Amino acid sequence: MLYRLDNVSVADLSKMQTNLKHTILQIDKWDASYLWLFLNMMDLYSFSDLEGLMSSIFNHYKNDDNYTNSSLKILAGIVVKYVFICKQHDLVEVEMQKNLEFLDELSHDPAIFVEKLFGQYFKAELDHNEQLKKATSWFS
(Lines of atoms letter the chains of each structure in order from A and count residues from 1; the text may use other names and numbers.)
(Lines give C-alpha, C1' and ligand atoms only; values in the text may rest on other atoms or scores of the structure.)
Protein backbone atom coordinates (compact mmCIF):
# COMPACT_ATOMS: atom_id res chain seq x y z
CA MET A 1 0.00 0.00 0.00
CA LEU A 2 1.83 3.08 -1.26
CA TYR A 3 0.31 6.56 -1.37
CA ARG A 4 1.46 9.79 -2.98
CA LEU A 5 0.52 12.83 -1.00
CA ASP A 6 0.63 15.38 -3.84
CA ASN A 7 -2.72 17.17 -4.14
CA VAL A 8 -4.47 14.80 -1.74
CA SER A 9 -7.66 16.03 -0.11
CA VAL A 10 -8.40 15.82 3.60
CA ALA A 11 -11.08 13.23 2.86
CA ASP A 12 -8.55 11.10 0.99
CA LEU A 13 -6.06 11.40 3.86
CA SER A 14 -8.76 10.35 6.29
CA LYS A 15 -9.58 7.34 4.12
CA MET A 16 -5.88 6.37 3.94
CA GLN A 17 -5.60 6.69 7.71
CA THR A 18 -8.65 4.48 8.19
CA ASN A 19 -7.27 1.88 5.76
CA LEU A 20 -3.90 1.80 7.54
CA LYS A 21 -5.53 1.52 10.95
CA HIS A 22 -7.74 -1.32 9.70
CA THR A 23 -4.75 -3.13 8.19
CA ILE A 24 -2.86 -3.03 11.49
CA LEU A 25 -5.89 -4.39 13.35
CA GLN A 26 -5.83 -7.47 11.09
CA ILE A 27 -2.22 -8.46 11.86
CA ASP A 28 -1.79 -11.89 13.39
CA LYS A 29 2.00 -12.20 13.18
CA TRP A 30 3.89 -9.14 14.39
CA ASP A 31 7.33 -8.83 12.80
CA ALA A 32 9.78 -5.90 12.96
CA SER A 33 8.21 -4.19 9.93
CA TYR A 34 4.71 -4.21 11.42
CA LEU A 35 6.05 -3.16 14.80
CA TRP A 36 7.81 -0.18 13.19
CA LEU A 37 4.64 0.79 11.32
CA PHE A 38 2.59 0.50 14.49
CA LEU A 39 5.10 2.57 16.50
CA ASN A 40 4.74 5.38 13.99
CA MET A 41 0.94 5.15 13.87
CA MET A 42 0.11 4.86 17.58
CA ASP A 43 -1.15 8.44 17.84
CA LEU A 44 -3.87 7.69 15.29
CA TYR A 45 -5.68 5.19 17.52
CA SER A 46 -8.15 5.60 20.32
CA PHE A 47 -7.01 4.30 23.69
CA SER A 48 -9.34 1.29 23.55
CA ASP A 49 -7.91 0.25 20.16
CA LEU A 50 -4.36 0.72 21.46
CA GLU A 51 -5.11 -1.35 24.54
CA GLY A 52 -6.24 -4.27 22.38
CA LEU A 53 -3.28 -3.96 20.01
CA MET A 54 -0.83 -3.84 22.91
CA SER A 55 -2.36 -7.04 24.31
CA SER A 56 -1.93 -8.68 20.92
CA ILE A 57 1.71 -7.62 20.76
CA PHE A 58 2.36 -8.80 24.33
CA ASN A 59 0.78 -12.17 23.61
CA HIS A 60 3.00 -12.58 20.57
CA TYR A 61 6.24 -11.48 22.26
CA LYS A 62 5.69 -12.80 25.79
CA ASN A 63 8.39 -15.27 26.81
CA ASP A 64 10.26 -14.81 23.53
CA ASP A 65 13.99 -14.61 24.14
CA ASN A 66 14.87 -14.69 20.45
CA TYR A 67 14.18 -11.08 19.55
CA THR A 68 16.05 -9.61 16.65
CA ASN A 69 17.90 -6.41 17.57
CA SER A 70 15.52 -4.35 15.46
CA SER A 71 12.35 -5.89 16.88
CA LEU A 72 13.67 -5.53 20.45
CA LYS A 73 14.42 -1.82 19.93
CA ILE A 74 11.06 -1.15 18.28
CA LEU A 75 9.13 -3.19 20.85
CA ALA A 76 10.73 -1.25 23.71
CA GLY A 77 9.91 2.01 21.91
CA ILE A 78 6.27 0.96 21.53
CA VAL A 79 5.99 0.23 25.24
CA VAL A 80 7.50 3.59 26.21
CA LYS A 81 5.29 5.49 23.77
CA TYR A 82 2.19 3.67 25.02
CA VAL A 83 3.03 4.44 28.66
CA PHE A 84 3.57 8.07 27.67
CA ILE A 85 0.16 8.12 25.93
CA CYS A 86 -1.44 6.66 29.05
CA LYS A 87 0.28 9.32 31.17
CA GLN A 88 -0.78 12.17 28.86
CA HIS A 89 -4.40 11.14 29.14
CA ASP A 90 -4.27 10.38 32.88
CA LEU A 91 -5.28 6.83 32.06
CA VAL A 92 -5.22 3.79 34.25
CA GLU A 93 -2.07 3.31 36.26
CA VAL A 94 -2.64 -0.45 36.14
CA GLU A 95 -2.19 -0.36 32.37
CA MET A 96 0.98 1.68 32.72
CA GLN A 97 2.31 -0.71 35.37
CA LYS A 98 1.60 -3.76 33.19
CA ASN A 99 3.55 -2.22 30.31
CA LEU A 100 6.44 -1.17 32.51
CA GLU A 101 6.69 -4.73 33.83
CA PHE A 102 6.81 -5.99 30.24
CA LEU A 103 9.62 -3.51 29.52
CA ASP A 104 11.49 -4.71 32.62
CA GLU A 105 11.23 -8.30 31.39
CA LEU A 106 12.90 -7.47 28.09
CA SER A 107 16.59 -8.33 27.93
CA HIS A 108 19.14 -5.94 29.36
CA ASP A 109 20.53 -5.23 25.92
CA PRO A 110 22.41 -1.91 25.64
CA ALA A 111 20.36 -1.19 22.50
CA ILE A 112 17.33 -0.43 24.68
CA PHE A 113 19.12 1.39 27.49
CA VAL A 114 17.25 4.65 26.86
CA GLU A 115 13.87 2.90 26.74
CA LYS A 116 14.67 1.12 30.02
CA LEU A 117 15.65 4.49 31.53
CA PHE A 118 12.34 5.97 30.44
CA GLY A 119 10.66 2.99 32.06
CA GLN A 120 12.47 3.68 35.34
CA TYR A 121 11.40 7.33 35.19
CA PHE A 122 7.74 6.42 34.64
CA LYS A 123 7.92 3.81 37.39
CA ALA A 124 9.37 6.43 39.76
CA GLU A 125 6.46 8.73 38.90
CA LEU A 126 3.92 6.00 39.61
CA ASP A 127 5.63 5.14 42.91
CA HIS A 128 6.06 8.82 43.83
CA ASN A 129 9.78 8.14 44.25
CA GLU A 130 11.18 11.65 43.91
CA GLN A 131 14.80 10.53 44.36
CA LEU A 132 14.67 8.01 41.47
CA LYS A 133 12.59 10.41 39.40
CA LYS A 134 15.22 13.11 39.80
CA ALA A 135 18.04 10.66 38.98
CA THR A 136 16.37 9.67 35.70
CA SER A 137 14.96 13.07 34.73
CA TRP A 138 17.69 14.22 32.33
CA PHE A 139 15.20 13.84 29.49
CA SER A 140 12.12 15.40 31.07
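Using our numbering, the letters of the sequence shown correspond one by one to residues 4 to 143. Every residue gets a Cβ at the ideal spot worked out from N, C-alpha and C, and that includes glycine. This structure is a prediction, so every number in the text was calculated from the model and none was measured.
- When secondary structure is reduced to three states using DSSP, His92 falls in the coil class, being assigned neither helix nor strand.
- Assignment of His25 by DSSP, reduced to helix, strand and coil, places it in the helix class.
- The Cβ-Cβ distance between Tyr64 and Leu47 does not fall below 9 angstroms.
- The C-beta separation of Tyr85 from Leu53 comes to about 6 angstroms, placing the pair in contact by the 8 angstroms criterion.
- It is roughly 8 angstroms from the alpha-carbon of Lys24 to the alpha-carbon of Met44.
- The beta carbons of Leu103 and Phe87 sit about 11 angstroms from each other, so the pair does not count as a contact at 8 angstroms.
- At a cut-off of 4 residues, not a single continuous stretch assigned as alpha helix (DSSP H) sits fully inside the stretch 58-87.
- In the assembly as shown, Val97 is an exposed residue. Its beta-carbon has fewer than 16 other beta-carbons within 10 Å.
- Annotated as proximal: Leu75 and Ser110, with beta-carbon spacing under 9 angstroms.
- Just measuring C-alpha positions, the residue of Ile60, Asp31, Gly55, Thr26 sitting nearest Phe105 is Ile60.
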